[in-house]
Ligand code: HEM
Ligand code: FES
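Protein chains in written order, with our numbering: chain A, 162 to 298; chain B, 16 to 328; chain C, 33 to 349.
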């Protein structure tokens, strides 16, 4: 039996600042036979949820946006039933690394991987690369 | 949990002209609970036979309920159950196993059943109803008389069930229409004759629905019922050994001084894997993927046919 | 909190240690065990839960059904295996669990949240020495969906909540070698309903402290620097986690329980075989695992102590 192929539909959420990049990508994907729909952000959470829930089974979600709004869309997509590997977030949007403080659970944004102090509880942290998709850090 | 239980037939009901339900109870032991989609294995004179449980797992007190369709073969398990089993008889059953669980993260569950394939869904629907989850049933059955729970079905699930009582072509068309509309968050479950299941699975694949959302009930034996002897050449050790019918390849290798790691000895952990270089293998595990089975085998449960050759690390 | 040597589940069956799937099927299937540290450990648990509830109990909404199932299962096991200490009665949908050791009682209506004051796993965990974790078996893998965790060996429940099985294990050195952890996940997904598998994991803890979460590392981690030739036998404890994996039949999720045992080296070396095995294991332990388990900092002192004891006892290897 041949393997199942993912559905060739992609719902793309994009911030104004990424629209050029997103549209460029859509051109490429369309040539490869994908059906893309671009939603420009900001978008109300109701609207996003509604759009997500209407997607055919096996569709993909791509998000071109800054962290916080990307996270909101991702959360809504997970809630609508998308699998973790059906959601893709534009990684270049993460200029700062998010570090989860192991002591007080505050999430710090830092730009280098040196030792630093947690902004909330002031413990010294030596960042590791253990990553949580849940906390995004 | 025991390897098997002796249970008493408490009640037999004629559901349709060809389908009977059987309720088994135990008077002295607590029967293990089960999840929707589970089956039990009955130890019958003609061998082991698996049947889906139809009771609501949340309502189970200490009974197992199955529904069996008489297939007509004289030698079959179903004929035996229909003709030779009476209320009060005692039967041996292995504890429930579940190859067909509900994916509880699903937002909506869509069941496709044909004929007696309704049985696992009867349990799933009552479970989902108790939980308040969303589902629908598409049921292909030759007529109202052939439908085992017709009245109850219409009373309880009037808004969830669609019957397919029409001719083949219209049936296919209507199924395809529904399948084309599936939305994200849906899990699909299929149970019925092989051709029916293949039709739905193939169409789902054409539509680009990922396999992880499409679940098929496939019964298969846990254990080879009659293992036979075979020969094995261990290529990189330049040794050939015999595996007797009463031992596993893992044990035979061990006796020959070749120790490979093992843990579960049930074909579920993958620890005892070896490379297969040549020969036909009777795979008996539930661990390896179809692709892995082309050149690997698990020595605790799988066997060779005739003479095979393998390589160990 | 050390346990008596007779109740200590010594983990080494060979002289070398490497990560492997060391799980074995348990008959009968049990998820919890009582030792004579019961009262002390329950008291400590309750204090930790009181002081740091957020750190010790976390759950996602999807885990609720499994929490109910786990609670009922655990109370049933306690009443069945220790009938002199616990009882569990059912009348229709109403249940009553009695803990005679603590003089406590839990009453609830199954699956009725209005009948309980805490989440079910948070109730059940207060009556057993084990830490309790629910791993949801989803179509795209196993995910940590709830936990009551008081005695972790340097990890954080809050951090791993919602995380998939593989990602939880990324800090472990070499764990992806030959897809080890992928195969373990596949194994877990094949565990049959009502079956329980057991494995042992080990580490070392300085002092007899059970609660060593990542969150308070700053307080207990520094003790590793205080090990000297004189105090090693008293300070260093072998820490063994007896872990059980039970497939909950109704929800098809996994209840993962961790029972942590500590034994000081001074107590451990009374057993010659244990002494020998521990020595050879530490001797051949790879550097990255020694580092991961935090042993690297005092490995010299530890080895000298074990060698000295072996020669005093006249044991040859
Ligand atoms: C399903 C439940 C399980 C959970 C929730 C779990 C969780 C964890 C966690 C949180 C750690 C510590 C990671 C860190 O340092 O941050 C760990 C370590 C580890 N786990 Fe698991 N685990 C589970 C099952 C298993 C199984 C079944 C195996 C193997 C058969 C396994 C093998 C290991 C190993 C080898 C380590 C490193 C331990 C050491 O060297 O101290 N785990 N696990
Ligand atoms: S020992 Fe587990 S698959 Fe063979």
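Heads up, the beta-carbon is just placed ideally off N, CA and C, and yes, glycines get one too.
Residue interval of the beta strand (DSSP E) (run including residue 127 of chain C)
Residues 126 to 131.
Determine the direct distance from the alpha carbon of residue 249 of chain A to that of residue 153 of chain B, and round the result to whole angstroms.
Each residue's alpha carbon lies about 34 Å from the other.
Closer than 9 Å, Cβ to Cβ, to anything on chain A: give me those residues from the stretch 120 to 152 of chain B, in chain order.
So the list reads 120, 121, 122, 123, given in the order they occur along the chain.
Are the beta-carbon atoms of residue 102 of chain B and residue 25 of chain B separated by less than 8 Å?
Yes, these two residues count as a Cβ contact at 8 Å.
Would you check whether the ligand MN has a heavy atom nearer than 7 Å to the C-beta of residue 192 of chain C?
Absence of the ligand MN from the depicted structure is noted, with the ligand HEM and the ligand FES being the only ligands included.
Would you tell me roughly how many angstroms separate the C-alpha atoms of residue 263 of chain A and residue 202 of chain C, rounded to the nearest one?
Distance between the alpha carbons of residue 263 of chain A and residue 202 of chain C: 16 Å.
Mind reading off the beta-carbon distance from residue 204 of chain A to residue 187 of chain A? Whole number of angstroms is fine, and I expect it under 8 Å.
Cβ atoms of residue 204 of chain A and residue 187 of chain A stay farther apart than 8 Å, at about 17 Å.
Would you check if there are 3 or more beta carbon pairs closer than 8 Å linking the stretch 261 to 272 of chain C to the stretch 193 to 211 of chain C?
Counting Cβ pairs under 8 Å, fewer than three are found: no touch.
Just reading off the alpha helix (DSSP H) that residue 283 of chain B is part of, what are its end residues?
Taken as a continuous stretch (DSSP letters only), residue 283 of chain B belongs to no alpha helix (DSSP H), as it is neither H nor E.
Name the residues in the stretch 70 to 103 of chain C whose C-beta lies less than 8 Å from a C-beta of chain B; which are they?
Residues passing the 8 Å Cβ filter: 94, 97.
DSSP three-state assignment for residue 135 of chain B, whether helix, strand or coil
DSSP places residue 135 of chain B in helix when its eight states are reduced to three.
Per DSSP, the bridge partner or partners of residue 198 of chain B:
For residue 198 of chain B, which the question treats as bridged, DSSP gives the partners A/217.
Any heavy atom of the ligand HEM within a distance shorter than 7 Å of the CB on residue 293 of chain C?
No, Cβ of residue 293 of chain C sits at least 7 Å from all heavy atoms of the ligand HEM.
CB of residue 35 of chain C to nearest heavy atom of the ligand HEM: below 7 Å?
Outside the cutoff, so no.
Using 8 Å as the threshold, is the stretch 211 to 224 of chain A in touch with the stretch 182 to 201 of chain B, meaning 3 or more CB pairs across them?
Touching, yes, given that three or more Cβ pairs across the two stretches are closer than 8 Å.
Please compile the residues from chain C whose C-beta is within a distance smaller than 8 Å of the C-beta of residue 246 of chain A.
The contacting residues are 172.
Would you report the Cα separation of residue 245 of chain C and residue 276 of chain C, rounded to the nearest angstrom?
Near 20 Å, if we compare the C-alpha coordinates of residue 276 of chain C and residue 245 of chain C.
Could you name the residues of chain A that residue 197 of chain B contacts, counting a contact when the two beta carbons are closer than 9 Å?
Those are 217, 218, 219, listed as they occur along chain A.
Name the residue from A/172, A/206, A/287, A/227 whose alpha carbon lies nearest to the alpha carbon of residue 179 of chain A.
For residue 179 of chain A, the nearest C-alpha among the options comes from A/227.
Rounded C-alpha distance that separates residue 209 of chain A from residue 128 of chain B
Roughly 34 Å between the two C-alpha positions.
Determine whether the Cβ of residue 301 of chain B lies closer than 8 Å to any Cβ atom of chain C.
Output row for residue 301 of chain B: interface = yes.
Look up residue 99 of chain C in the DSSP assignment and say whether it is helix, strand or coil.
Here residue 99 of chain C sits in helix by DSSP.
Helix, strand or coil: which one does DSSP assign to residue 198 of chain C?
It is helical.
With a threshold of 7 Å on Cβ separation, who are the neighbours of residue 291 of chain B within its own chain once the five nearest residues in sequence on each side are excluded?
For residue 291 of chain B, where only same-chain residues beyond five positions count, the Cβ hits under 7 Å are 310, 311, 312, 323, 325.
Which whole runs of the beta strand (DSSP E) in the stretch 196 to 249 of chain C are 3 residues long or more, in chain order?
Correct list: 228 to 238.
Please confirm whether residue 201 of chain B has its beta-carbon closer than 8 Å to some beta-carbon of chain A.
Using a CB distance cut-off of 8 Å, residue 201 of chain B counts as an interface residue toward chain A.
Anything in the stretch 224 to 238 of chain C with a Cβ closer than 8 Å to a Cβ of chain B? List those residues in chain order, please.
Sequence-ordered contacts of the stretch 224 to 238 of chain C with chain B read 224, 225, 226, 227, 229 [C-beta pairs closer than 8 Å].
Roughly how many whole angstroms lie between the Cα atoms of residue 162 of chain A and residue 281 of chain C?
Legend: pLDDT at residue 162 of chain A = 37, less than 50; position of this residue unreliable, value from coordinates given subsequently. One C-alpha to the other measures close to 31 Å.
Residue 292 of chain A: contacting residues in chain C (beta-carbon distance under 8 Å)
Residues of chain C passing the Cβ test: 199, 202.
Anything in the stretch 272 to 299 of chain C with a Cβ closer than 7 Å to a Cβ of chain B? List those residues in chain order, please.
Within the stretch 272 to 299 of chain C, the residues whose Cβ lies closer than 7 Å to some Cβ of chain B are 281, 282, 283, 284, listed in chain order.
Suppose the cutoff is 6 Å on Cβ atoms and the five residues either side in sequence are ignored; what does the same chain contact list for residue 263 of chain B look like?
If we look at residue 263 of chain B and ignore the five residues flanking it on each side, its Cβ neighbours are 315.
Give the C-beta separation of residue 71 of chain C and residue 133 of chain C to the nearest angstrom, bearing in mind that I take them to be a contact with Cβ-Cβ under 8 Å.
So it is a contact: roughly 7 Å between Cβ atoms.
Between the C-alpha atoms of residue 286 of chain A and residue 265 of chain A, what's the straight-line distance to the nearest angstrom?
Between residue 286 of chain A and residue 265 of chain A, the C-alpha separation is close to 11 Å.
Tell me, please, whether the CB atom of residue 284 of chain A is closer than 8 Å to any CB atom in chain C?
The beta-carbon of residue 284 of chain A is placed less than 8 Å from the nearest beta-carbon of chain C.
Beta-carbon separation (whole angstroms), residue 49 of chain B vs residue 22 of chain B, contact threshold 8 Å
No, residue 49 of chain B and residue 22 of chain B are not in contact; Cβ-Cβ is about 13 Å, not under 8 Å.
In whole angstroms, give me the CA-to-CA distance for residue 164 of chain A and residue 305 of chain B.
The predicted model places residue 164 of chain A with a pLDDT of 45, which falls under 50 and marks its position as unreliable, so this point remains unresolved.
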